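The structure under discussion appears below in the form of structure tokens.
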Ligand code: SF4
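Residue numbers (this note's numbering): 1 to 262.
What follows is the structure in structure tokens.
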């Protein structure tokens with residue numbers, strides 16, 4: 001593996017250590033600040049703006065989100081955890097956000113640095129980066145979102161086209177990486193049978209070893225939209241029923257693909 005640039009700098013929200021999710025074993029999760037999508041259902045809207053962001057909560061208290069940090073500082077913070085093993089899994093690191101790849105230089109150098117120290121690595125991405133495949137040699141696990149199959153609707157919903165997403169998903173599969181597709185199920189936005197049939201058709205050739213996770217739309221981030229001084233765009237939306245989630249999962253399972261609902 002190549003050496004990495006310790007001085008590469010980025011902005012993160014925070015780092016959580018000893019987490020038992022977003023990959024096998026204990027992990028540190030690094031939440032990057034800034035996202036190039038604008039999903040109206042985003043549960044962490046404070047992570048969308050790049051740079052520092054002020055939140056003002058209902059009780060008048062204030063919080064500044066976003067801290068500058070270098071690759072060297074992140075690795076120095078995570079290294080002490082490396083000795084922790086869980087069920088034979090080495091301690092791992094997941095890059096999340098926001099959208100990690102949107103701060104490309106910091107993301108890429110950090111991944112290289114983590115691999116230099118032999119950490120198992122994962123990324124949670126919206127799949128939109130044109131450079132993404134360059135980071136595959138430094139990744140063990142990729143969580144990639146699918147928001148919608150229809151290009152026009154995708155553009156309208158999140159402000160970006162979806163062609164790069166499909167390309168990156170195919171290339172990740174072809175590279176033999178552990179690939180998990182994450183689909184937020186948002187009533188009236190992407191939960192039609194037609195959309196799920198198209199998703200199932202797209203994923204069918206990639207089904208070996210693939211897991212799909214259906215994420216039930218939730219309203220947990222509403223107070224953060226308020227704290228940002230913004231109206232929550234989906235004010236009257238009700239989370240999908242368990243029956244609906246099961247029916248959508250079945251469309252994908254019918255292609256022989258493993259599906260989890262959460
Ligand atoms: S891609 Fe994720 S972080 Fe970005 S706006 Fe959408 S839900 Fe929020």
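Ideal Cβ placement from N, Cα and C applies to all residues, glycine included. All of these numbers come straight from a predicted model, not from anything done at the bench.
Per DSSP, the continuous beta strand (DSSP E) segment holding residue 9 begins and ends at 9-19.
Counting C-beta atoms within 10 angstroms of its own C-beta, residue 260 has fewer than 16 neighbours from the protein chains shown and is therefore classed as exposed. At a threshold of 7 Å, residue 251 does not count as near ligand 1, since its beta carbon sits no closer than that to any of the ligand's heavy atoms. Here residue 113 has 4, 71, 75 as same chain residues with Cβ atoms under 6 Å from its own Cβ, once five neighbours each way along the sequence are excluded. Bounds of the beta strand (DSSP E) holding residue 260 are 258-261.
Per DSSP, the continuous alpha helix (DSSP H) segment holding residue 163 begins and ends at 163-174. Taking 7 Å as the cut-off, the C-beta of residue 144 does not count as close to any heavy atom of ligand 1. In the three-state DSSP reduction, residue 237 falls in the coil class, being neither helix nor strand. The beta carbon of residue 94 sits closer than 6 Å to those of 22, 23, 27, 29, 122, all from its chain and outside the five residues before and after it, given in chain order. By alpha-carbon distance to residue 40, the top candidate from 258, 158, 262 is 158. Distance from the CA of residue 8 to the CA of residue 104, rounded to the nearest whole angstrom, comes to 10 Å. In its chain, beyond the 5 residues on either side, 43 have a beta carbon closer than 7 Å to the beta carbon of residue 220. With three or more CB-CB distances shorter than 8 Å, the stretch 206-219 counts as touching the stretch 245-262. Relative to ligand 1, the beta carbon of residue 99 is positioned inside 7 Å of a heavy atom. Burial of residue 162 is indicated by the presence of at least 16 other C-beta atoms within 10 angstroms of its C-beta. Of the candidates 142, 35, 46, 142 places its Cα closest to the Cα of residue 124. Residue 252 places its beta carbon less than 8 Å from that of residue 199. Looking from the CA of residue 101, the closest CA among 52, 59, 49, 36 belongs to 36.
Apart from sequence neighbours up to five positions away, the residues of its chain that approach residue 17 with a beta-carbon distance below 7 Å are 28, 81, ordered along the chain. Distances from the CA of residue 10 to each of 97, 154, 234 were compared; the closest alpha carbon is that of 97. Bounds of the alpha helix (DSSP H) holding residue 113 are 104-116. In the structure shown, residue 30 falls within a strand segment according to DSSP collapsed to helix, strand and coil. Beta-bridge pairing by DSSP links residue 63 to 55. Here the C-alpha atom of residue 126 lies approximately 31 Å from the C-alpha atom of residue 83. In this structure residue 58 is exposed. Its beta-carbon is surrounded by fewer than 16 other beta-carbon atoms within 10 angstroms. Linking residue 242 to residue 164 through their CA atoms gives a straight-line distance of about 31 Å. Within the stretch 119-160, the runs of beta strand (DSSP E) that reach at least 3 residues and sit entirely inside it are, in chain order, 121-125, 141-145. Per DSSP, residue 101 lies in no alpha helix (DSSP H) and is assigned neither H nor E.
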